[in-house]
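For the sequence shown, the working numbering puts the final residue at 255, and the numbers step up evenly by one. For glycine and all other residues, C-beta sits at the position ideal for the given N, C-alpha and C. This report concerns only the one structure given below.
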Amino acid sequence: MSVLLDIAKATRVERTMPVIATIMIPLTYAKSFSVDMVILVVCCVLTYMAFGLHNAYRDNDFTLPKYSYLLSFALLGSSIILSVYNEKILILNFLWVLLGLIYNTISRRILFADITILVFTHHVLPALFAGWILGLQKSRILGYSIVIFFVFWFLIQIKNLKGTIEDKERGYATPATIFQNGRRFIQLFREFGFVMMLIPYFFFDAGIVFILSLLAINCVKFVCDSILSIEKNLKITRVLAVVFLLSWAVGV
Numbered sequence: 004m005s006v007l008l009d010i011a012k013a014t015r016v017e018r019t020m021p022v023i024a025t026i027m028i029p030l031t032y033a034k035s036f037s038v039d040m041v042i043l044v045v046c047c048v049l050t051y052m053a054f055g056l057h058n059a060y061r062d063n064d065f066t067l068p069k070y071s072y073l074l075s076f077a078l079l080g081s082s083i084i085l086s087v088y089n090e091k092i093l094i095l096n097f098l099w100v101l102l103g104l105i106y107n108t109i110s111r112r113i114l115f116a117d118i119t120i121l122v123f124t125h126h127v128l129p130a131l132f133a134g135w136i137l138g139l140q141k142s143r144i145l146g147y148s149i150v151i152f153f154v155f156w157f158l159i160q161i162k163n164l165k166g167t168i169e170d171k172e173r174g175y176a177t178p179a180t181i182f183q184n185g186r187r188f189i190q191l192f193r194e195f196g197f198v199m200m201l202i203p204y205f206f207f208d209a210g211i212v213f214i215l216s217l218l219a220i221n222c223v224k225f226v227c228d229s230i231l232s233i234e235k236n237l238k239i240t241r242v243l244a245v246v247f248l249l250s251w252a253v254g255v
């Protein structure tokens, strides 16, 4: 039982929540739902579980059995087979795999490459392809995708405040390892990401519910920033990011 629990933890399936929340935005604008969207979400979960398990096995993050490596390929294979149902989802799946491979190999040694890839895999590509599948106008798809990109590009920088010493030893390129004031830059990036969350209210019909949610988000952020270190706020930031996406979807 403990082995199965470790495998489940290693998949980091909870990290698919930002992706699923992102997909909710085009769903709200389309005001429609289809089997394709269910398949998109399932493929997303399977693919991310596969990469999460693969990375955990490679990095020895958990005590995992040797067959975990094979299980990660089984999860990925299942996702690809299922995505054959819709060629757009199949294309997205291959892009996920390609960017995932780049992320796991060379991206950490190129400044901002890891963050840019994460934003595309977790937010921009799901938003673009969900809108494409639902038949939204290109201007609408491009508009909300650009906003999502910039909000999360600045917001996710906070992840590079964790394990700075290890990152330096491995030769990873992040603001915290390259610049003298890199940690301060990352904190400012995060603040700017929260400020940019206002954009949907002014340009994408997000209403009063969205504004009230943003107020609550910033209250929680203020309290957490006051009592916790910025590194310990990583999980809080992830949760608040999901709340932002869901509030946008609900508030339209």
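In chain order, what residues of the same chain have a beta carbon less than 6 Å from the beta carbon of Gly-196, not counting five sequence neighbours either side?
Residue mapping note: residue 196 aligns to position 193 of the sequence shown, counting from 1. Closer than 6 Å at Cβ, skipping near neighbours: Val-154, Phe-157, Leu-158.
If you run the structure through DSSP and keep just helix, strand and coil, what is Phe-192?
As a working mapping, residue 192 is identified with position 189 in the sequence shown. Note: Phe-192 maps to helix in three-state DSSP.
According to DSSP, simplified to helix, strand and coil, what is Asp-39?
In the sequence shown, counting from the first residue as 1, residue 39 sits at position 36. Note: Asp-39 maps to helix in three-state DSSP.
Classify Asp-9 as helix, strand or coil using the three-state DSSP reduction.
Along the sequence shown, read from residue 1 onward, the residue named residue 9 stands at position 6. DSSP, reduced to helix, strand and coil, places Asp-9 within a helical segment of the structure shown.
Give the C-beta separation of Asp-9 and Phe-54 to the nearest angstrom, bearing in mind that I take them to be a contact with Cβ-Cβ under 8 Å.
Indexing the sequence shown from 1 puts residue 9 at position 6. Indexing the sequence shown from 1 puts residue 54 at position 51. Going by Cβ atoms, the distance from Asp-9 to Phe-54 rounds to 17 Å, so no, they are not a contact pair.
Classification of Pro-129 by the beta-carbon crowding that lies within 10 angstroms, buried from 16 upward
What you label residue 129 is simply residue 126 of the sequence shown in a count that begins at 1. By the 10 Å Cβ count, Pro-129 comes out buried.
Is Ile-94 near Cys-46, with beta carbons less than 8 Å apart?
Counting from one through the sequence shown, the residue named residue 94 turns up at place 91. Counting from one through the sequence shown, the residue named residue 46 turns up at place 43. Not a contact, by the Cβ cut-off of 8 Å.
Where Thr-66 sits in the DSSP three-state scheme:
Translated into the one-based positions of the sequence shown, residue 66 becomes position 63. In the three-state DSSP reduction, Thr-66 falls in the coil class, being neither helix nor strand.
Taking Arg-187 as the reference, which of Leu-164, His-126, Gly-174 has the closest Cα?
For the purposes of this step, residue 187 is taken as the residue at position 184 of the sequence shown. Of the listed residues, the one whose Cα sits closest to Arg-187 is Leu-164.
Buried or exposed: which applies to Ser-216, given that a residue is buried once 16 or more other Cβ atoms fall within 10 Å of its Cβ?
Counting from one through the sequence shown, the residue named residue 216 turns up at place 213. Ser-216 comes out buried.
Find the nearest neighbour of Ser-75 within the set Ala-11, Arg-18, Tyr-88, Val-22, judged by alpha-carbon distance.
Residue numbering aside, residue 75 sits at position 72 when the sequence shown is read from its first letter. Here the closest residue by C-alpha is Ala-11.
Tell me whether Thr-108 sits in a helix, a strand or coil according to DSSP, three-state version.
The count along the sequence shown starts at 1 and reaches residue 108 at position 105. In the displayed model, Thr-108 falls within a helix according to three-state DSSP.
Could you round the C-beta distance between Pro-178 and Trp-251 to whole angstroms and report it? I think they count as a contact, below 8 Å.
Along the sequence shown, one-based indexing puts residue 178 at 175. Along the sequence shown, one-based indexing puts residue 251 at 248. Between Trp-251 and Pro-178 the Cβ distance is about 28 Å, and since that is not below 8 Å, they are no contact.
Report yes if the CB atom of Leu-49 is closer than 8 Å to the CB atom of Ser-82, and no otherwise.
Against the sequence shown, residue 49 aligns to sequence position 46. Against the sequence shown, residue 82 aligns to sequence position 79. Result yes, Cβ atoms of Leu-49 and Ser-82 sit closer than 8 Å.
Since Val-44 contacts Ile-23 with CB under 8 Å, what's their CB separation in whole angstroms?
The residue labelled residue 44 in the question sits at position 41 within the sequence shown. The residue labelled residue 23 in the question sits at position 20 within the sequence shown. At roughly 6 Å, the Cβ-Cβ gap stays under 8 Å, so Val-44 and Ile-23 are in contact.
Pull up the distance between the alpha-carbon of Met-199 and that of Leu-67, whole angstroms please.
Counting from one through the sequence shown, the residue named residue 199 turns up at place 196. Counting from one through the sequence shown, the residue named residue 67 turns up at place 64. Distance between the alpha carbons of Met-199 and Leu-67: 40 Å.
What residue range is occupied by the uninterrupted alpha helix (DSSP H) comprising Ile-159?
Numbered from 1 along the sequence shown, position 156 holds the residue referred to as residue 159. It is not in any alpha helix (DSSP H) - Ile-159 carries neither H nor E in the DSSP assignment.
Nearest by alpha-carbon distance to Arg-61: which of Phe-225, Asn-107, Glu-172, Phe-213 is it?
On the sequence shown, residue 61 is found 58 positions in, with the first residue counted as 1. Taking each of Phe-225, Asn-107, Glu-172, Phe-213 in turn and checking the Cα distance to Arg-61, the smallest one comes out for Asn-107.
According to DSSP, is Gly-254 helix, strand or coil?
Sequence index remark: in the sequence shown, residue 254 carries index 251 (1-based). Reduced to three states, the DSSP call for Gly-254 is helix.
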